[in-house]
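First comes the structure, then the notes that go with it.
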Amino acid sequence: MTASSILQREIATVKAVEPPPAEEEQPRILTLKVDTEAPESLMKVPKRRRWVNRHYTDWVKTQPCVVCQRPADDPHHIIGYGLGGTGTKAHDIFVIPLCRTCHNELHADTAAFEQKHGSQRKLLYRFLDRQFGCGVIG
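full-length UniProt numbering applies: residue 1 is where the sequence shown begins, and numbers increase by one.
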């Protein structure tokens, strides 16, 4: 018996293994576009253009509250971290789903809310991480 005949016999007995079925990718709610040559990026003090995406904020409303996991109906724009401007909300990407009770609690006393439930930034990071991980944002 030669080495090649042994190898051929061994190969013949190996069953073909089919690759596992590909996981179905969730439909993306938001696809990010990167413009590396945006004119504003060349300006010393660019005019702030607020990013608005109604489709995304409507979807955020359908997610459970990031604090209590009850149904959320309010996409809360992060406040108090310099993400907005005078009379301007933060960009729509900086929203977290909150139920009406938690949203009222946050606006009544932001410091007490964050002491009790964690900072808005931490809640946002967890929420965004979950969305990127699930393929909702890509």
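A virtual CB, placed ideally from N, CA and C, is assigned to each residue, including glycine.
Quick caveat: nothing in here was measured; it's all calculated off a predicted structure.
Excluding five sequence neighbours on each side, which residues of the same chain lie with their C-beta closer than 8 Å to the C-beta of residue i?
{"i": "Gly-57", "result": "Residue identity differs from the one stated: residue 57 is Thr in this sequence, not Gly. Result list for Thr-57: Pro-75, Asp-92, Val-95, in chain order."}
{"i": "Cys-65", "result": "Pro-71, Ala-72, Pro-97, Leu-98, Cys-99, Cys-102"}
{"i": "Cys-68", "result": "Cys-99, Thr-101, Cys-102"}
{"i": "Thr-36", "result": "none"}
{"i": "His-55", "result": "Ile-29, Leu-30"}
If you draw a straight line from the C-alpha of residue i to the C-alpha of residue j, how long is it?
{"i": "Ala-90", "j": "Lys-116", "result": "23 Å"}
{"i": "Leu-32", "j": "Gly-82", "result": "23 Å"}
{"i": "Arg-49", "j": "Arg-126", "result": "25 Å"}
{"i": "Asp-109", "j": "Lys-122", "result": "17 Å"}
{"i": "Gln-131", "j": "Arg-9", "result": "49 Å"}
{"i": "Asn-104", "j": "Gly-133", "result": "29 Å"}
{"i": "Val-34", "j": "Val-45", "result": "20 Å"}
Locate the alpha helix (DSSP H) running through residue i, then write down its first and last residues.
{"i": "Asp-74", "result": "Careful: Asp-74 lies outside any alpha helix (DSSP H), inside the beta strand (DSSP E) at 74-77."}
{"i": "Val-60", "result": "54-61"}
{"i": "Thr-2", "result": "Counting along the chain, Thr-2 falls outside any alpha helix (DSSP H), and DSSP gives it neither H nor E."}
{"i": "Ala-111", "result": "110-117"}
{"i": "Gln-131", "result": "120-134"}
Which residue wins for smallest C-alpha separation from residue i, given the options the options?
{"i": "Asn-53", "options": "Val-67, His-77, Pro-46, Arg-126", "result": "His-77"}
{"i": "Lys-61", "options": "Gly-138, Ile-29, Lys-47, Asp-129", "result": "Ile-29"}
{"i": "Lys-47", "options": "Val-34, Thr-88, Asn-104", "result": "Thr-88"}
So, at 7 Å on beta carbons, what are the nonlocal neighbours of residue i in its own chain, with the 5 sequence-adjacent residues on each side left out?
{"i": "Gln-63", "result": "Ala-72, Pro-97"}
{"i": "Leu-124", "result": "Ile-78, Phe-94, Ile-96"}
{"i": "Trp-51", "result": "His-91, Asp-92, Ile-93"}
Grab me the residues of residue i's own chain with a C-beta within less than 6 Å of its C-beta, minus the 5 sequence neighbours each way, in chain order.
{"i": "Leu-106", "result": "Phe-113"}
{"i": "Pro-80", "result": "The question names Pro, yet the displayed sequence has Gly at residue 80. Cβ within range, chain order: Thr-110."}
{"i": "Trp-59", "result": "Ile-29"}
{"i": "Ile-137", "result": "Leu-30, Gln-131"}
{"i": "Leu-128", "result": "none"}
{"i": "Gln-120", "result": "Ile-78"}
Give a single yes or no on whether residue i has its beta carbon closer than 6 Å to a heavy atom of the ligand NAD.
{"i": "Tyr-125", "result": "This structure lacks the ligand NAD; in fact it carries no ligand of any kind."}
In the DSSP assignment, find the beta strand (DSSP E) that holds residue i and state where it starts and stops.
{"i": "Leu-98", "result": "95-98"}
Legend entry - Three CB pairs or more closer than 8 Å across the region 97-113 and the region 32-49: Verdict: no, contact absent.
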